[in-house]
Each structure stands twice: as C-alpha cells, then as structure tokens.
Amino acid sequence: MTRDRSVLVVGLGRFGVAVATTLDSLGQDVLAVDKDADLVNRWSSQIPTVQADMTDVLALEQLGVKDFSTAVVAIGDSIEASVITAGNLLDVGITDIWAKSVSVEHARILQRIGARHIINAETDAGKRVGHLVSGDYLDYIEIEGPHSVVKIHTPSHAVGMSIGDARIHERFGVTVVAIKSSGRELAYGSKDLVMKRNDELIIMGTQDQINHFLHG
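So in UniProt numbering, spot 48 of the sequence shown is number 48, and the numbers just go up one at a time.
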C-alpha cells in the first residue's frame, strides 16, 4: 500500500518513541520499527509497531519500506546499525531521511552517505536547556542560520511602550513576533501593541541582538 506523507521511525529508544508518538498524535501515518521484541511489545498499544532489523535488506523488502515518504533513523546504541540502516533506506529510494547522531564523527558519516537531516539530540537539547537555565529566556528555539526565536518577559526598559514607539527593530534589530498577556490570547506583534510588565514576548533575532534588547 502506498502511503502519502507517511513516516517510518526506526528505533524505539526515548528519542524514537518521542518522535513516533508526536507524529501519531498529529495524525501522521507512522510506523515504528525496532529489532527488540520487548520494546515493540511495550509500545504496540500506543503506536503502530513492528519487529524487524533494518540493517537486513530482506527485512526492508518484506515491510515494503520503499512506500514510505520519510524515515527517521533514531538508533542511538550502535553507530554501525544507524549508518547501515540509513544507507539501506536511501538505497530503496527514501530520500527524506532524518537521522539521530551521537557524535560529530557519526553525523559526518550520515551526511556523506546522503542523510538529509542530522539531529544531534543530546547537543540540541543541551543548547536549549543551557539557554533556559541561564534564566533570561522562558523558551528557546534555534533556527537555521544565526537567528533564534526566544520567549522572554518584557524588559524593564520597554514596559508600557508600544512596539512601534519603542522602535525595537530599528534600535535592536529584533522582531517581536507575538505577545502573550495573562488571561488573553496570543496577539501578533503589531506596532501599536503595548508591552506590559509580565507579558511574554516571542522575539526573533541573532544572539547579540536579543541580548542587546534584553539588557537595553
């Protein structure tokens, strides 16, 4: 059966389970695969699962994985298994490969064989936690290039001013994407929107620009 916009998730560790259950909750057609029967049985009541070894080309053929549009290689306990699996999936024609890496060397190999998206789960999570632990940000998302999207409380120097009057973009280079006030719905960052003391601002900019805006 051909599956449009379907996702194959290989590996039922914490990372793979998080990806698969999130996709399933979003209504995506997802199938999770692991060679460990205990893991497959553990999650089979929550997400579609099957036991198979994806380093085995015959197993890929039996599952018909070529019909999937996207694959996530979430294997973290064996670099060899991760690389072989990614290579096998590419060989059967899945070009949209997302692969978890556990080291710089692992990521380099995955890139060389053609995996389109490399996720260093530990490093990416560590960066986010580091930013949150620093205390300046309520949330942090790193996007491609030098920019980040962060959620902060209104800096003291901007309290009571509208986005336009504060000339935030002109002075600091950041863009106020939206503002969340207590008890109100999220409002997009129009120039006449006033920033109150306990408002949560969602802003985008480079690290230097964000820091400049935070500290005035």
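Even for Gly, the Cβ is constructed at its ideal location relative to N, Cα and C.
Worksheet item: What is the rounded straight-line gap between the Cα of Phe213 and the Cα of Val150?
Response: Reading the sequence shown from its first residue, position 213 is the one you call residue 213. Reading the sequence shown from its first residue, position 150 is the one you call residue 150. Answer to the nearest angstrom: the Cα atoms are 12 Å apart.
Discussion item. Let me check understanding here. Comparing Cα to Cα, which of His106, Ser69 and Val57 lies closest to Ile75?
Written reply: Taking the sequence shown and counting its residues from 1, one reaches residue 75 at position 75. It is His106.
Item to complete: Would you list the residues sitting across from Glu142 in a DSSP beta bridge?
Response: What you label residue 142 is simply residue 142 of the sequence shown in a count that begins at 1. In the DSSP output, where bridge partners are listed per residue, Glu142 has Ser148.
Fill in: Straight-line gap, Ala86 to Ser25 (C-alpha atoms, nearest Å)
Within the sequence shown, the letter at position 86 stands for residue 86. Within the sequence shown, the letter at position 25 stands for residue 25. Cα to Cα, Ala86 sits roughly 25 Å from Ser25.
Worksheet item: Since Gly11 and Asp34 are thought to touch, with beta carbons under 8 Å apart, how far apart are those beta carbons, to the nearest angstrom?
Response: The residue you call residue 11 lines up with position 11 of the sequence shown. The residue you call residue 34 lines up with position 34 of the sequence shown. Sure, about 6 Å apart at Cβ, within 8 Å.
Worksheet entry | CB of Leu138 within 7 Å of CB of Val176, strictly | For this step, residue 138 is matched to residue 138 along the sequence shown. For this step, residue 176 is matched to residue 176 along the sequence shown. No, the Cβ-Cβ distance between Leu138 and Val176 is not below 7 Å.
Worksheet item: Taking the DSSP output, what are the residues bridged to Glu70?
Response: Here the question's residue 70 lines up with position 70 in the sequence shown. Per the sequence shown, residue 70 should be read as Thr rather than Glu. Paired residue(s): Val7 and Asp96.
Worksheet item: Ile119 to Asp53, Cα distance in whole Å?
Response: Locating residue 119 in the sequence shown gives position 119, counting from the first residue. Locating residue 53 in the sequence shown gives position 53, counting from the first residue. Looking at the two C-alpha atoms, the distance is approximately 22 Å.
Discussion item. Rounding to the nearest angstrom, what Cα-Cα distance links Leu89 and Gln111 in this structure?
Written reply: Here residue 89 is taken as the residue at index 89 of the sequence shown, counted from 1. Here residue 111 is taken as the residue at index 111 of the sequence shown, counted from 1. Taking the straight line from one Cα to the other gives about 14 Å.
Worksheet entry | Range covered by the beta strand (DSSP E) that runs through Ala178 | The count along the sequence shown starts at 1 and reaches residue 178 at position 178. Thr175 to Lys180 is the extent of the beta strand (DSSP E) around Ala178.
Fill in: Start and end residues, beta strand (DSSP E) containing Asp34
By one-based count along the sequence shown, residue 34 stands at place 34. Segment Asp29 to Asp34, the beta strand (DSSP E) holding Asp34.
Discussion item. Taking 7 Å as the threshold (C-beta atoms), are Lys66 and Val104 in contact?
Written reply: Taking the sequence shown and counting its residues from 1, the one referred to as residue 104 is at position 104. Taking the sequence shown and counting its residues from 1, the one referred to as residue 66 is at position 66. For Val104 and Lys66, no; Cβs fall outside 7 Å.
Worksheet item: Hey, residue 298 and Arg116: beta-carbon distance below 7 Å or not?
Response: Absent from the model: residue 298. The displayed extent of the chain is 1 to 216, so no value can be given.
Discussion item. Taking the beta carbon of Val73 as the centre, do at least 16 other beta carbons fall within 10 Å, making it buried, or is it exposed?
Written reply: As a first step, residue 73 must be located in the sequence shown, where it is residue number 73. With 16 or more other Cβ atoms within 10 Å, it is buried.
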